[in-house]
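K.L.:
In our numbering, the protein residues as written are -17 to 621.
Pasting a structure below so you can have a look.
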C-alpha cells in the first residue's frame, strides 16, 4: 500500500463511532456526492430529495422532528410544527399542512423579514392566515399556490391591493387545478394584489375543460366561471412587464377550439426572456406564426405542443425558424415534437447560437432529407453545450446533430432503440464531459451508420477511442454488453464519477469479475455506484481486492438484490461486519462514505468517515429521515 495510505491508517480508528451531531457530520457528504452526479440526476434529486429542494452553495442541514431545514430554505410538512430558529430562512414551503393562525403568527413575526419566497402546496389554513403571513414578509419576492383549495383563494379577498409587501412580489405561480369553481373575478384578483408580476407560471390543467373557452369576447370581469378570454385579457395587460411566461392548460381545455391562442401569440412581449407552452393542442388548420409575433429578448423556449396531425408541422417549423433567427434564443426544448424535421429547420438549428437542446420523447423513423443535400457552407456549430435526447428513434437526426454540434459538454440518451445510434455517437463524442445512457438496448456488434461514416470521411476525421474530458458516466438499466463495450473499447483517463444501475448480468460469477477488472482501470475515479439486479455474490476479501487501484475513491455505493432474484445465493445475504467496513476505509485513504444495501430483508449499511474526529461513523443507526435522504443522494431517481 502507498505511504499515503499507511499514514492515513494510523489516523483512522478500528472501531465505529456514533453520530452526536447529525447536522455537521453529514453536510460534507451531501455536498461531495452531489458534485459527481450527472447533470440529469442532479436535476432529479432536487425533485426527489427534500434536502436539495433548494440547493445552496454551502447548505446547512438540520433534520429533526421540529422541521426540516436545508440551506436557507425550510420545508414544513404535516409531520412538523413551526418552531423558532436562529437561522435566517429565505425560502419557506408548506407541504400539505393545516396550520392554526396562532402557530403561524409567532413564527413569521420572527422570520418574516428574511423570507424571499413562499410556496403553498395542497395546504389548508384558517381564514386570515394568509394575510398574517404576508404582512410580516416585508421582503417577499415570490409566491406560489400549488394544488391549493378554494379557501386560500378566498383569503386573497382580504389582502390589501395597496400593500407595500404585495407590490414587491414579482414571481407568481398559480396551479389552480383544485379550484374548480374559480371565477373570472377571483382570477383577476390575484393580479390586482400583485400588480408588478414579471414571472408568471399558470397551470389550469383540466380545470376549465367544460367552460365555454371558444367564446372569446365574453364578459371577463364577472363572477362567471373562469374563461380563456379572461386569461388572454390579463396577459395582454402584462405584456410589457413579463419576463418569464409558462402556460399549461391541459389538452382537454383546448380540445374544441384553440382560436383564443391566436390572441396570445399576437401579444408583443418585448421583454419576455423565457416562454413555455405545455399540453397545448393545435389543429392542423391553425397557424401559430402570425406576423406580429415578436419576442425580441427571448432566450428560452419550451415547446410542449401536441398535434392532431402532422399537417400543422409546416407552420410550426416556420415558427421555430423565426425564433432561432430573430431572437437571442439559447435554450430550445422540443417535447413530443413529431419528426421528421425538415431541411430548413435543421439548417437553422446548426446556424443558431443554441446552448441547450432537448428532444424529449421525440418519435419518428427518419428525417426527410439526406445529408448530401445540405448546403456546402453549413459549418459545425461550437455553441451547443447540452443535448438531451430521450426516446428518440430517428437516429439519422441524432447523428447529424451530434456531428454538427462540436462543443457538447453534457449528453443524455434515454430509451434509444437503435444500436447504431449509440455506437456511432460514442466514436464521435469523445470530447464531452458528461454522458448519461438510460434504458438503452443491448449492443450486438459495433457497426457505424453510413450517414455518419460519410460525414467522417468527407471531413477526413479519424476515430478517437479516448474520452479525455469525460468526468461523469452513468449507465442505467442497460444490458451487460453495453457496459462492457463502453469500458473495454474506450478509455476514460479522467473519469471521476461512474454510476452503473440495474445492470443485467448473465453468468454472473465470471462477468462480475470482468466488470470490476475494467473499473480498476479508472485511476481518477472518486464516486462509484453499482446497483446490480442480477446476483452479486462476493465476500469481503474479494471486495477489498477489487479496490486495489482506486486510491482516489471518495464515495462508494453497492446495492445487491441477490435473494430477490435468485434463491441460490440466499445464504450470503448478510451485510459485512462493522470492522470489515473500517478495513475498507483503511485501504482507501480518500474514502469518505460507504453505502451497502442488501435487498429489503438483508438490511442497509451506511458509514461515513469524519475527517475531524478521524472516526468511522455508523450512519445507518440514525433516524429514518437520514437514511432516506442518503438513499436519494445515491441516485434512486429512476424508480
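Cβ atoms here follow ideal geometry from the backbone N, Cα and C, with glycine treated the same way.
These numbers were taken from a predicted model, which means no experiment stands behind them.
Beta-carbon separation of residue 457 and residue 477 under 8 Å?
P.N.:
For the purposes of this step, residue 457 is taken as the residue at position 475 of the chain shown. For the purposes of this step, residue 477 is taken as the residue at position 495 of the chain shown. Contact: no.
K.L.:
Does residue 499 pass the burial test, meaning 16 or more other C-beta atoms within 10 Å, or should it be called exposed?
P.N.:
As a first step, residue 499 must be located in the chain shown, where it is residue number 517. With fewer than 16 other Cβ atoms within 10 Å, it is exposed.
K.L.:
With three or more C-beta pairs closer than 8 Å as the rule, is the segment 527 to 544 touching the segment 505 to 514?
P.N.:
yes
K.L.:
Specify, as a first and last residue, the run of the beta strand (DSSP E) that residue 326 falls within.
P.N.:
Along the chain shown, one-based indexing puts residue 326 at 344. Per DSSP, residue 326 belongs to no beta strand (DSSP E); it is in the alpha helix (DSSP H), 325 to 333.
K.L.:
With a threshold of 16 other CB atoms inside 10 Å of the CB of residue 386, please say whether the residue is buried or exposed.
P.N.:
As a first step, residue 386 is located in the chain shown; it is residue number 404 there, counting from the start. In summary, residue 386 is buried, with 16 or more beta-carbon neighbours lying within 10 Å of its beta-carbon over all protein chains present.
K.L.:
For residue 223, tell me which candidate among 177, 589, 186 has the shortest Cα-Cα distance.
P.N.:
Counting from one through the chain shown, the residue named residue 223 turns up at place 241. Of the listed residues, the one whose Cα sits closest to residue 223 is 177.
K.L.:
In the DSSP output, which residue or residues are listed as bridge partners for residue 448?
P.N.:
One-based indexing of the chain shown puts residue 448 at position 466. Beta-bridge pairing links residue 448 to 473.
K.L.:
In the DSSP assignment, find the beta strand (DSSP E) that holds residue 420 and state where it starts and stops.
P.N.:
To locate residue 420, count along the chain shown from 1; it is residue 438. DSSP places residue 420 in the uninterrupted beta strand (DSSP E) bounded by 416 to 420.
K.L.:
Return the first residue and the last residue of the beta strand (DSSP E) that residue 102 is part of.
P.N.:
Here the question's residue 102 lines up with position 120 in the chain shown. Taken as a continuous stretch (DSSP letters only), the beta strand (DSSP E) holding residue 102 covers 99 to 103.
K.L.:
With burial defined as no fewer than 16 other Cβ atoms inside 10 Å of the residue's Cβ, what is the status of residue 88: buried or exposed?
P.N.:
Along the chain shown, read from residue 1 onward, the residue named residue 88 stands at position 106. So residue 88 ends up on the exposed side.
K.L.:
Taking only three categories from DSSP, how would you classify residue 167?
P.N.:
The residue you call residue 167 lines up with position 185 of the chain shown. Of the three classes helix, strand and coil, the one that applies to residue 167 here is helix, per DSSP.
K.L.:
Opposite residue 260 in the DSSP bridges: which residues?
P.N.:
Looking up residue 260 in the chain shown gives position 278. Partner(s): 230, 286.
K.L.:
Using only the alpha-carbon positions, how far apart do residue 282 and residue 364 sit?
P.N.:
For the purposes of this step, residue 282 is identified with residue 300 of the chain shown, where counting begins at 1. For the purposes of this step, residue 364 is identified with residue 382 of the chain shown, where counting begins at 1. Roughly 18 Å between the two C-alpha positions.
K.L.:
Tell me which same chain residues have a C-beta within less than 8 Å of the C-beta of residue 623, skipping the five on either side of it?
P.N.:
Because the chain here runs from -17 to 621, residue 623 falls outside it and cannot be looked at.
K.L.:
Any idea what DSSP makes of residue 466, helix, strand or coil?
P.N.:
Position 484 of the chain shown, counting from 1, holds the residue named residue 466. Three-state DSSP puts residue 466 in a helix.
K.L.:
DSSP three-state label for residue 440, please.
P.N.:
Counted from its first residue, the chain shown places residue 440 at position 458. Note that residue 440 scores 49 on pLDDT, short of 50, meaning its location in the model is unreliable and no value can be drawn from it.
K.L.:
With DSSP as the reference, identify every bridge partner of residue 128, one or two as the case may be.
P.N.:
Here residue 128 is taken as the residue at index 146 of the chain shown, counted from 1. Looking at the DSSP assignment, residue 128 forms a beta bridge with 103, 157.
K.L.:
Residue 302 and residue 327 - do their beta-carbons sit closer together than 8 Å?
P.N.:
As a working note, residue 327 is residue 345 in the chain shown. As a working note, residue 302 is residue 320 in the chain shown. Cβ distance < 8 Å, so residue 327 and residue 302 count as in contact.
K.L.:
Once DSSP output is grouped into helix, strand and coil, what is the label at residue 523?
P.N.:
The sequence position of residue 523 within the chain shown is 541, counting from 1. Residue 523 falls in the helix class under three-state DSSP.
K.L.:
What did DSSP end up calling residue 508 once you bin it into helix, strand or coil?
P.N.:
Taking the first residue of the chain shown as position 1, residue 508 is located at position 526. In this structure, residue 508 counts as coil in the three-state DSSP scheme.
K.L.:
From residue 122 to residue 159, what distance separates their C-alpha atoms?
P.N.:
The sequence position of residue 122 within the chain shown is 140, counting from 1. The sequence position of residue 159 within the chain shown is 177, counting from 1. Rounded to the nearest whole angstrom, the C-alpha separation of residue 122 and residue 159 is 25 Å.
K.L.:
Measure from the alpha carbon of residue 279 to the alpha carbon of each residue in 529, 221, 388, then state which is nearest.
P.N.:
As a first step, residue 279 must be located in the chain shown, where it is residue number 297. Distance check between residue 279 and each of 529, 221, 388 places 221 closest, using alpha-carbon atoms only.
K.L.:
Would you identify the three-state DSSP class for residue 632, choosing helix, strand or coil?
P.N.:
Outside the modelled stretch of the chain, which goes from -17 to 621, sits residue 632, for which no answer is possible.
K.L.:
Check residue 71 in the structure and name its three-state DSSP category.
P.N.:
Walking along the chain shown from the start, residue 71 turns up at place 89. It is coil, neither helix nor strand.
K.L.:
Between residue 253 and residue 208, is the Cβ-Cβ spacing less than 8 Å?
P.N.:
For this step, residue 253 is matched to residue 271 along the chain shown. For this step, residue 208 is matched to residue 226 along the chain shown. No, the pair does not count as a contact, with Cβ atoms beyond the cut-off.
K.L.:
Is the beta carbon of residue 313 less than 8 Å from the beta carbon of residue 338?
P.N.:
For the purposes of this step, residue 313 is identified with residue 331 of the chain shown, where counting begins at 1. For the purposes of this step, residue 338 is identified with residue 356 of the chain shown, where counting begins at 1. Yes.
K.L.:
Which residue marks the beginning of the alpha helix (DSSP H) containing residue 704, and which one marks its end?
P.N.:
What the structure shows of the chain is the stretch from -17 to 621, and residue 704 is not part of that stretch, so it cannot be assessed.
K.L.:
In whole angstroms, give me the CA-to-CA distance for residue 61 and residue 78.
P.N.:
In the chain shown, the residue the question calls residue 61 occupies position 79. In the chain shown, the residue the question calls residue 78 occupies position 96. Below a pLDDT of 50, predicted positions are generally treated as unreliable, and residue 61, at 44, falls in that range; no measurement from the model is reported.
K.L.:
Between which two residues does the beta strand (DSSP E) containing residue 458 stretch?
P.N.:
Counted from its first residue, the chain shown places residue 458 at position 476. From DSSP, the beta strand (DSSP E) with residue 458 extends over 454 to 458.
K.L.:
When you compare only the Cα positions, how much space is there between residue 459 and residue 452?
P.N.:
Within the chain shown, residue 459 is the residue found at index 477, counting from 1. Within the chain shown, residue 452 is the residue found at index 470, counting from 1. Each residue's alpha carbon lies about 20 Å from the other.
K.L.:
For the beta strand (DSSP E) containing residue 313, list its first residue and its last residue.
P.N.:
Taking the chain shown and counting its residues from 1, the one referred to as residue 313 is at position 331. Looking at the DSSP string, the run of the beta strand (DSSP E) that includes residue 313 is 313 to 316.
K.L.:
Counting along the chain, where does the alpha helix (DSSP H) carrying residue 218 start and finish?
P.N.:
Against the chain shown, residue 218 aligns to sequence position 236. Element bounds for residue 218: 210 to 219.
K.L.:
Could you give the distance in angstroms between the alpha-carbon of residue 205 and the alpha-carbon of residue 215?
P.N.:
Looking up residue 205 in the chain shown gives position 223. Looking up residue 215 in the chain shown gives position 233. Distance between the alpha carbons of residue 205 and residue 215: 16 Å.
K.L.:
Rounded to the nearest angstrom, what separates residue 563 and residue 466 at their Cα positions?
P.N.:
Counting from one through the chain shown, the residue named residue 563 turns up at place 581. Counting from one through the chain shown, the residue named residue 466 turns up at place 484. Each residue's Cα considered, the two are about 28 Å apart.
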